[in-house]
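Below is one structure, written out as structure tokens; comments come after it.
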Amino acid sequence: MDRLGDCPGGDLQSGFTGIVWAESHIRGQPSELAGDVEFALRELMRGGVLPVDALGGLSGCGVFALETGRLEFARAVAEAVAESAYSEGSYAYWPQRPEQLPADARSLFPTGYVNCGTAHGTPGIIAFLSRVRAATKTATLDRVIQGAIRWLIEHELPSGSLSNLPPIVRREQCPTQSRLAWCYGDLGAAAVLQPVENDVPVRDFPCFVEQLAVTAADMPTSRSGVIDHGMCHGALGVVHQFNRLHERSGDGRFLDAAIRWFDIALQMRRPKAGRSGFFGKDSDRARDAPGLVAGLSGMGLALLAAIDAEEPQWDRVFFLS
Ligand SMILES: [Zn+2]
């Protein structure tokens, strides 16, 4: 904690906000540094430098605010996210303009795009706003939450596609299909939207969420894109999300998928690789990364959740509880 100031930014994934979230969560009470973090984040918000997404931007800062009981700050963050939405008729969405993208992405996407993944896009933002709505009774968020859900439903891929949601939507090209993961695709979106599906009165929303989850459960292993074990886009993250979908719905299809992916995760394990045989990325450098999102701590927590009768709380940071 003494070296908190060395963290490069205020984001939840790799900045000081994530570290103070973790400390607060482990202690079961807000960190003594929570006030300093709120001050720093308000400064960053005033400077307009933070994007709106969960892992790298404002929605993640709001997760920290909720975890530490700073509801006024959570409401302020949510209102900033809501104000930054574009609206078109009854739709709301958050375009990422080219100048907001990293240099390598800017050359690939010269007109920008709208991100449809949970980590950096619409489902994660909806999940965050819905939680603030529930915690603070801020009814002014209803319009943008409902508009974003309508936008997401409107951009479903045609039936018969491998996934219902594309990773991104952009003007000049047909959308492509998504992998099986929390960060992008149907599984993550279903898992973060299922807890709020009955809170938002948008026609067909629960049906949409169920269809996302069913399509994810039917995804063939060979086309899933899963090549490692981490929470973000690895096999143990897949297990944990299907486990959560089953716990809330009682639907046996999601239990079957969780068990199937648990077997796959064990088969993928390389006992002589790294500290545990589970790995975050298929490279020696990143294999034993300790972090929650793609590293060993997230894998360990997902394994514990699979065998422990006690309901986990840590997955609030992924909007899974
Ligand atoms: Zn990922």
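Heads up: the sequence shown begins at 152 in our numbering, then just goes up one per residue. We put the beta carbon where it would ideally sit given N, CA and C, even for glycine.
Query: Nearest to residue 227 (by Cα), restricted to the options 239, 360, 243 and 210; Result: 210
Query: Enclosing beta strand (DSSP E) for residue 315 [first to last residue]; Result: Segment: none, residue 315 is in no beta strand (DSSP E) and carries neither H nor E.
Query: Three-state class that DSSP yields for residue 250 in the structure shown; Result: helix
Query: Buried versus exposed, by CB contacts within 10 Å (16 or more), residue 266; Result: buried
Query: Any heavy atom of ligand 1 within less than 5 Å of residue CB: hits in chain order; Result: 334, 383 and 384
Query: Proximity of residue 392 and residue 460 at Cβ, strictly below 8 Å; Result: no
Query: Alpha-carbon spacing of residue 309 relative to residue 315, whole angstroms; Result: 7 Å
Query: Local conformation of residue 324 per DSSP, three classes; Result: strand
Query: Straight-line Cα distance separating residue 246 from residue 472; Result: 27 Å
Query: Nearest candidate by alpha-carbon position, reference residue 463, set 421, 402, 395 and 447; Result: 395
Query: Beta carbon of residue 161 nearer than 8 Å to that of residue 201; Result: yes
Query: Cβ-Cβ distance between residue 291 and residue 283 below 8 Å; Result: no
Query: Proximity of residue 204 and residue 272 at Cβ, strictly below 8 Å; Result: yes
Query: Local Cβ density within 10 Å of residue 334, reported as buried at 16 or more and exposed below that; Result: buried
Query: From 454, 206, 173 and 349, residue whose alpha carbon lies closest to that of residue 389; Result: 454
Query: Contact between the stretch 243-260 and the stretch 296-312 (3+ Cβ pairs under 8 Å); Result: yes
Query: For residue 235, three-class secondary structure by DSSP; Result: coil
Query: Residues near residue 192 by beta carbon distance below 6 Å, same chain, minus five either side; Result: 161 and 212
Query: Coarse secondary structure for residue 243, derived from DSSP in three states; Result: strand
Query: The beta strand (DSSP E) enclosing residue 265, as first and last residue numbers; Result: 264-266
Query: Best match in 382, 387 and 362 for proximity to residue 400 [C-alpha to C-alpha]; Result: 362
Query: Backbone CA spacing between residue 427 and residue 234 [nearest angstrom]; Result: 45 Å
Query: Minimum length 4: unbroken alpha helix (DSSP H) runs contained in the stretch 387-462; Result: 403-419 and 447-458
Query: Contained alpha helix (DSSP H) runs [length at least 4] in the stretch 355-387, N- to C-terminal order; Result: 356-369
Query: C-beta atoms of residue 403 and residue 445 nearer than 8 Å; Result: no
Query: Closest by C-alpha distance to residue 406, when choosing among 305, 174, 368 and 377; Result: 368
Query: Option in 353, 414, 178 and 422 with minimal Cα separation from residue 219; Result: 178
Query: Assigned secondary structure, residue 166 (DSSP; H/G/I helix, E/B strand, else coil); Result: coil
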